[in-house]
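Heads up, the sequence shown is in UniProt numbering, so the first residue is 1 and it goes up one at a time.
Even glycine gets a Cβ: it sits at the ideal position worked out from N, Cα and C.
From a predicted model like this one, the values you see are computed outputs, not experimental measurements.
Contents: one structure, followed by commentary.
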Amino acid sequence: CYYNGEGTEKNLERAFYWYQKAAENDNKNAMNNLANCYKNGEGTEKNLEKAFYWYQKAVENDNKNAMNNLAKCYKNGEGTEKNLEKAFYWFQKAAENDNKDAMNNLAICYKNAEGTKRDFDKAFYWYQKAVENGIEVAMHNLAVCYYNGEGTEKNPETAFCWFQKAAENGIEVAMHNLAICYYNGEGTEKNLERAFNWFQKAAENDNKNAMNNLAKCYKNGEGTEKNLEKAFYWFQKAAENDNKDAMDNLAICYKNGEGTERNFDKAFYWYQKAAENGIEVAMHNLAICYYNGEGTEKNLEKSFYWYQKAAENDDKNAMNNLAKCYKNGEGTEKNLEKAFYWFQKAAENDNKDAMNNLAICYINGEGTEKNLKKVFYWCQKAAKSGDNIAMNKLAICYENGEGTEKNLEKAFYWYQKAAENSDKNAQFNLAVCYYNGEGIEKNLEKAFYWFQKASENGHEDAMNNLAICYNNGEGTEKNLEKTFYWYQKAAENGNEVAMDGLAKYYYINNGTENNLEKAFYWYQKAA
């Protein structure tokens, strides 16, 4: 009565007093309740040793609730030394005496091999028993069994049903997992709006994983309108609640100014937190901060350290950057063999930039023997993965018959693919194909078009050839002013042929004022 405020005002001190009196008079239920008071500091000071003592006394008098509570003491080391074997023993005793909570706790022991051998079949059995006795959290645990196929056949539909039941009964982790089912279409139809709603419910119930996923929904506009400010808010909440993935995501917000002002110092702080918590992608991002001096002083040694940590944890982008460090001697001694090793690791993990870099190793014999067949192989892999530089190199392989049979049509195909993706070298090479009729019919208009595109993207050889097109009226109308303009651009960008052409223009006064000093200057540069 005093404990619950039934028939009188609630008074925990008096409740404690009478529990103590009854316990001292051998009332086993009072012993258990007295232990609860000591455990929770209700009506008296918290005292885990006395709580343990009275749970033990109640157990000796066959109180099944006390058996479950005593097991918890052994499991968590509360009021006694931690002892998982004794915890398992008392959970089992309590469960066999129909304590509903103990059934769930016993199942956890079997699942996690705590105090006993791992046994998914027995875990499933006891989760099922606990569910039949109305334990809501066991509904979630049973759902996990069906989801993963632990102790029973994998059944996404049944898993979904139990996640839903548990979620509707207020189990926040079930709310989160139910959201994931809706998000991925597991055991039910994909429904991003419902996924968002359950992520939101779970987040509002302090589930840190749900906070992170809710933020992603706001960031990507999944199941709700895109809202970077709300995404930032929930990433921050999740990160402050020690969600490791959210720490990295929050850092990205600060780095890119998404939902908040750009702040490299805070980005660095959260990348560091996430990296120290084992998030591989954060290790890589932290390395980039040290490499570029973003939010911290530039430090190539620390950059190398974190690239190495991330690479050893299977981050493929870090593998590629670690290889670059070894290749260029940044933050470590130059070591072409180790550079080759990590380019190869990254390439085998489908990093397309590394595939291209590995091909360069084989081209130049850096850290390995020269091997044109392997150059062709890795250029082809990278090109098919969408790497523009590799597409251009693959085309060169086909054009010159390097590592494969010569095939001008395939060379043209890959030059065209790369050119359409704005690779200036490929644009120039494609123009040459059209100009000379290699792998395609000769077409001076298209040659002119691609020389112009490559020139506008800063390709100095293309600038020179574009000048020639204007000079000769090839693929366009003859235009001496534009000829001069592009010779000048190409010459200023270091093209020696253009330097010679520009010098001639100054000398013979084609398209510009006669200027012997400038003619001499450019002849001298070209020479």
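Identify whether residue i lies in helix, strand or coil by the three-state DSSP scheme.
| i | result |
| --- | --- |
| Cys289 | helix |
| Cys1 | coil |
| Lys406 | coil |
| Asn241 | coil |
| Glu85 | helix |
| Ser303 | helix |
| Ala113 | coil |
| Ala262 | Inspection of the sequence shows that residue 262 is occupied by Arg rather than by Ala. Arg262: coil per DSSP, three-state reduction. |
| Asn61 | coil |
| Asp315 | coil |
| Asn69 | helix |
| Asn212 | helix |
| Ile279 | coil |
| Arg118 | coil |
| Ala527 | coil |
| Ile440 | coil |
| His284 | helix |
| Glu297 | coil |
| Lys273 | helix |
| Glu445 | helix |
| Lys424 | helix |
| Asn471 | helix |
| Asp98 | coil |
| Glu222 | coil |
| Asn227 | coil |
| Lys255 | helix |
Using the Cβ count rule (16 or more neighbours within 10 Å means buried), how would you classify residue i?
| i | result |
| --- | --- |
| Thr8 | exposed |
| Ile508 | exposed |
| Gly221 | exposed |
| Ala447 | buried |
| Asp350 | exposed |
| Asn213 | buried |
| Cys1 | exposed |
| Gly331 | buried |
| Glu477 | exposed |
| Asp206 | exposed |
| Gln20 | buried |
| Ser422 | exposed |
| Glu492 | exposed |
| Gln524 | exposed |
| Phe520 | exposed |
| Ala203 | buried |
| Asn69 | buried |
| Asp461 | buried |
| Glu189 | exposed |
| Lys226 | exposed |
| Ala527 | exposed |
| Asp121 | exposed |
| Leu178 | buried |
| Ala113 | exposed |
| Gly403 | buried |
| Asp242 | exposed |
| Asn25 | exposed |
| Leu516 | exposed |
| Lys255 | buried |
| Glu49 | exposed |
Compute every distance between the C-beta of residue i and the non-hydrogen atoms of the ligand NAD, then say whether any falls below 7 Å.
| i | result |
| --- | --- |
| Glu153 | Absence of the ligand NAD from the depicted structure is noted, as is the absence of any ligand whatsoever, leaving it without description. |
Is there a Cβ of chain C sitting closer than 8 Å to that of residue i, yes or no?
| i | result |
| --- | --- |
| Ala503 | Absence of chain C from the displayed structure is noted, only one protein chain being present. |
Query raised in the report: Quick one: any contact between the region 138-153 and the region 113-127, if contact means 3 or more CB pairs under 8 Å?
Result: yes
Report task. Taking only runs that begin and end inside the region 473-506, name each unbroken alpha helix (DSSP H) of 4 or more residues, in chain order. Result -> 480-492
Query raised in the report: What residue ranges within the region 124-176 form continuous alpha helix (DSSP H) runs of no fewer than 4 residues, ordered along the chain?
Result: 136-148 and 156-168
Report task. Report yes or no: do three or more beta-carbon pairs, one from the region 278-296 and one from the region 256-267, lie closer than 8 Å? Result -> yes
Query raised in the report: Which whole runs of the beta strand (DSSP E) in the region 171-208 are 3 residues long or more, in chain order?
Result: none
Query raised in the report: Okay, do the region 339-359 and the region 368-388 touch, 3+ Cβ pairs below 8 Å being the bar?
Result: yes
Query raised in the report: At what residue ranges does the region 316-398 contain a whole run of the beta strand (DSSP E), taking only runs of 3 or more?
Result: none
**Report entry** Contact between the region 302-314 and the region 276-291 (3+ Cβ pairs under 8 Å)
**Finding:** yes
Query raised in the report: Between the region 54-64 and the region 81-88, are three or more C-beta pairs nearer than 8 Å?
Result: no
**Report entry** Cβ contact (3+ pairs, closer than 8 Å) linking the region 76-83 and the region 92-99
**Finding:** no
Query raised in the report: Mind pulling the alpha helix (DSSP H) runs of 4 or more residues that sit fully within the region 17-53?
Result: 28-40
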